[in-house]
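First comes the structure, then the notes that go with it.
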Amino acid sequence: MGSTRLEKVVFALNGGRYEVAGADVHPGTTLLEFIRTRTPFTGTKLGCGE
907 MGSTRLEKVV
917 FALNGGRYEV
927 AGADVHPGTT
937 LLEFIRTRTP
947 FTGTKLGCGE
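Using this note's numbering, the first residue of the sequence shown is number 907, and each one after it goes up by one.
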């Protein structure tokens, strides 16, 4: 079975536009980790850890 490669993801967050190349982010990165480390929104909290 062949592998699937993500080219890029584009999304809006608090009025800003973010474009992320697949090669720039580890596949195991959660959206929360990305927001905390790659945007100005470092205080973002996990809503429900269960």
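In this text, a Cβ means the ideal position worked out from N, Cα and C, and glycines have one as well. Keep in mind it's a predicted model, so treat the numbers as computed, not measured.
- Distance from the CA atom of T943 to the CA atom of T935, rounded to whole angstroms, is 10 Å.
- Scanning H932, E913 and F947 for the CA closest to the CA of G921 turns up F947.
- The DSSP-derived three-state label of L937 is helix.
- With a 10 Å radius around the Cβ and a threshold of 16 neighbouring Cβ atoms, F917 comes out exposed.
- In terms of Cα proximity to G928, the closest of C954, V915, L937 and L952 is V915.
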